[in-house]
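Accompanying notes for the structure given below.
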Amino acid sequence: MEQFKYKARKRDGAVVYGTVNAPNEAAVAAFIRKQDMYVAGIEASKKKGLFSGVLFEESINLYDISIFARQFATLLGAGVPLLTGLEILTQQSAKERLRTVLGQITTSVREGKALSAAMAEFPKVFPELMTNMVAAGEAGGILEIVMDRLAAQFEKDYRMNAKFKSAMIYPAIVLSVAAIVVAIIMMFVMPVFVGLFEQLKIELPFVTRVVIGISNFLGHYWYLVIAALIGLFLLYKWAGTKESFRLWRDGVYLKVPIFGDLYNKIIITRFARTFASLSRSGVPILNAMTIVSKATGSLQAERVLNQARGSLRRGRTLADPMEASGMFPPIVISLVNIGEETGALDTMLDKVADFYGAEVDDTIGRLQTIMDPILIVILGVIIGTLAVALLLPMFEIVTKVGSL
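Under full-length UniProt numbering, the first residue of the sequence shown is numbered 1, with each subsequent residue one higher.
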């Protein structure tokens, strides 16, 4: 079976775009005619190369999904039929991969499949949270409201993730550039001075000998350093697939000063916002707990929330296992307790999400403020060490020349 893109026209002249898997173009044409449409164009999807989809696949992020949900909600609110709305969004999607996915979903819905079921076939594009909320919206006849809620949720999640990444990327870039500059100095500049020092037979200070040793090692074994770095990266990626390592890593993250506090607040915000959205949309609470546990991004939090799910299944409260875990502050436990007692759990969780979302923003701001002087100190130590290593022998050279 091969994937084909097609363009068709309805009897009223409306243009429809879509994708379908078929053995040949004749089968695609037969499929289009079966939908009571006229063939306007058929094209085989481009075959991907060996590494496409691994290194160069077009990504679809939360921002793209939030735009899709917002536009879909607007179309449904304007009275546009679901299938027509999907066709419109397929045509105007800016990303080819999303356009292809929406085309396949449109085809599935046209064949009678529920929208949520069609979306569930693309778990890497549409989160489980979205497919479950869409299913609840379809069952309750509130798909427009659900899409609007999803758009708001994904927009907030995207902004929070973007702020966190920007806070982490800045020091990573600065330190990476510094490491490259130092490596260049060690491999190409230091050997020139080493030759000078050897010719003059100067007794070198300890710091200079250390720097020269590092320079010689990098000059002779640079390929081993690169291989070791690649090996460590691959080892880290492999270890990330192991549950024991992920648990240990989560524990380390949570204990790092400032960063650990930020990480915990992000977990709480994701938990509260996701649970509130699912609960308000009518997703059964046990199903919601399963989805929420995976949405936090933390294996430790996932285990705690799975314990809470078991507690709910046995007829107990949600707050008790959350309190026992030590991951959730007293204010969160209190609001969850109040929500369970009053039947307004979604409202209380919204308050938690808003409060901790603001806390995340404040913590990221403080982290960025603290990071600047820390980076200056680190760079100062590196530059100062190199300067001292070079200047001390130079002073000795000047002293010797002056004594002649």
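We treat Cβ as the ideally placed atom computed from N, Cα and C, and that holds for glycine.
Treat the numbers as computed from the prediction; the structure is a model and nothing was measured.
For R107, which residues from the same chain have a beta carbon less than 7 Å from its beta carbon, with the 5 sequence-adjacent residues on both sides left out? Counted from its first residue, the sequence shown places residue 107 at position 107. Rather than Arg, the amino acid found at residue 107 in this sequence is Thr. The residues are G18, T19 and V20.
Starting from Q3, trace the beta strand (DSSP E) both ways and give me its first and last residue. For this step, residue 3 is matched to residue 3 along the sequence shown. It spans E2 to R9 - the beta strand (DSSP E) in which Q3 sits, taken as one unbroken run.
Please name the residue, chosen from A239, G195, A387 and D361, that lies closest to R159 on a Cα-to-Cα basis. On the sequence shown, residue 159 is found 159 positions in, with the first residue counted as 1. Of the candidates A239, G195, A387 and D361, the one whose C-alpha sits nearest the C-alpha of R159 is D361.
Buried or exposed: F395, going by 16 or more other Cβ atoms within 10 Å of its Cβ? Your numbering for residue 395 matches position 395 in the sequence shown. Flag for F395 reads exposed.
Can you name, in chain order, every residue of its own chain whose Cβ lies under 7 Å from the Cβ of G310, other than the five neighbours on each side? On the sequence shown, residue 310 is found 310 positions in, with the first residue counted as 1. Closer than 7 Å at the Cβ level, and outside the excluded window around G310, lies no residue.
Sorted by chain position, which residues of the same chain lie with C-beta nearer than 8 Å to S52's C-beta, five sequence neighbours on each side aside? What you label residue 52 is simply residue 52 of the sequence shown in a count that begins at 1. With a pLDDT of 46 at S52, under the threshold of 50, the modelled position of that residue is not reliable, and the figure given next carries that caveat. Nothing listed; no residue qualifies.
Reducing DSSP to helix, strand and coil, say where I42 ends up. Residue mapping note: residue 42 aligns to position 42 of the sequence shown, counting from 1. In the structure shown, I42 sits in a strand (DSSP, three-state: E or B).
For my contact list, S281 and V146 are in at a C-beta cut-off of 8 Å; report their separation, rounded to the angstrom. Taking the sequence shown and counting its residues from 1, one reaches residue 281 at position 281. Taking the sequence shown and counting its residues from 1, one reaches residue 146 at position 146. Yes, S281 and V146 are in contact; Cβ-Cβ is about 5 Å, under 8 Å.
Have a look at M187 and K95 and give me their C-alpha separation to the nearest angstrom. Taking the first residue of the sequence shown as 1, we reach residue 187 at position 187. Taking the first residue of the sequence shown as 1, we reach residue 95 at position 95. Each residue's Cα considered, the two are about 44 Å apart.
Taking the continuous beta strand (DSSP E) assigned at A22, which residues delimit it? Sequence index remark: in the sequence shown, residue 22 carries index 22 (1-based). Unbroken beta strand (DSSP E) run through A22: V15 to A22.
Use the C-beta contact count for N132: other C-beta atoms within 10 angstroms, 16 or more gives buried, fewer gives exposed. Here residue 132 is taken as the residue at index 132 of the sequence shown, counted from 1. It is buried - the Cβ of N132 has at least 16 other Cβ atoms within 10 Å.
So P205 and L62 are supposed to be a Cβ contact under 8 Å. How far apart are they, rounded? As a first step, residue 205 must be located in the sequence shown, where it is residue number 205. As a first step, residue 62 must be located in the sequence shown, where it is residue number 62. Not confirmed; about 54 Å, so no contact.
Between the stretch 257-269 and the stretch 363-373, do three or more beta carbon pairs fall short of 8 Å? yes
Whole-angstrom C-beta distance between L318 and A308, which should lie under 8 Å: In the sequence shown, the residue the question calls residue 308 occupies position 308. In the sequence shown, the residue the question calls residue 318 occupies position 318. The pair is a contact, with the Cβ atoms about 5 Å apart (cut-off 8 Å).
Using a threshold of 9 Å, state whether the C-beta atoms of D350 and A272 are closer than that. To locate residue 350, count along the sequence shown from 1; it is residue 350. To locate residue 272, count along the sequence shown from 1; it is residue 272. In contact: D350 and A272 (Cβ atoms closer than 9 Å).
Per-residue burial, I372 [other beta carbons within 10 Å of its own, 16 or more giving buried]: The residue you call residue 372 lines up with position 372 of the sequence shown. Before going further, note that residue 372 is Asp rather than Ile in the sequence given. The residue is exposed, with fewer than 16 neighbouring Cβ atoms inside 10 Å.
Between the beta-carbon of S279 and the beta-carbon of L345, is there less than 9 Å? Mapped onto the sequence shown, residue 279 falls at position 279. Mapped onto the sequence shown, residue 345 falls at position 345. Result yes, Cβ atoms of S279 and L345 sit closer than 9 Å.
What is the rounded straight-line gap between the Cα of P215 and the Cα of V189? Within the sequence shown, residue 215 is the residue found at index 215, counting from 1. Within the sequence shown, residue 189 is the residue found at index 189, counting from 1. The displayed chain sequence assigns Ser, not Pro, to residue 215. Cα to Cα, the separation comes out at about 9 Å.
For the alpha helix (DSSP H) holding V125, just list the boundary residues, first then last. Within the sequence shown, the letter at position 125 stands for residue 125. Run containing V125: none; DSSP gives neither H nor E here.
CB of F68 within 9 Å of CB of L102, strictly: By one-based count along the sequence shown, residue 68 stands at place 68. By one-based count along the sequence shown, residue 102 stands at place 102. In contact: F68 and L102 (Cβ atoms closer than 9 Å).
What is the rounded straight-line gap between the Cα of D36 and the Cα of L235? Within the sequence shown, the letter at position 36 stands for residue 36. Within the sequence shown, the letter at position 235 stands for residue 235. Cα to Cα, the separation comes out at about 55 Å.
For the alpha helix (DSSP H) containing M119, name the first residue and the last one. Position 119 of the sequence shown, counted from the start, is the residue given in the question as residue 119. Looking at the DSSP string, the run of the alpha helix (DSSP H) that includes M119 is L115 to A120.
Return helix, strand or coil for R110, following the three-state DSSP convention. In the sequence shown, the residue the question calls residue 110 occupies position 110. Here R110 sits in helix by DSSP.
Helix, strand or coil for T84? Go by DSSP, reduced to three states. Start at 1 with the first residue of the sequence shown, and residue 84 comes out as number 84. Residue state, collapsed to three classes: helix.
Could you tell me the distance, in whole angstroms, from the CA atom of Y6 to the CA atom of I60? In the sequence shown, counting from the first residue as 1, residue 6 sits at position 6. In the sequence shown, counting from the first residue as 1, residue 60 sits at position 60. One C-alpha to the other measures close to 22 Å.
Alpha helix (DSSP H) segment containing S298, residue limits: Here the question's residue 298 lines up with position 298 in the sequence shown. Taken as a continuous stretch (DSSP letters only), S298 belongs to no alpha helix (DSSP H), as it is neither H nor E.
Quick check on F275: buried or exposed, where buried means 16 or more other Cβ atoms within 10 Å of its Cβ? Position 275 of the sequence shown, counted from the first residue, corresponds to residue 275. Label assigned to F275: buried.
Just to confirm, are E25 and A8 a CB contact at a threshold of 9 Å? Within the sequence shown, residue 25 is the residue found at index 25, counting from 1. Within the sequence shown, residue 8 is the residue found at index 8, counting from 1. For E25 and A8, no; Cβs fall outside 9 Å.
What do you reckon, are the CB atoms on R70 and D148 nearer than 9 Å? As a working note, residue 70 is residue 70 in the sequence shown. As a working note, residue 148 is residue 148 in the sequence shown. Their beta carbons are under 9 Å apart, which means R70 touches D148 by this criterion.
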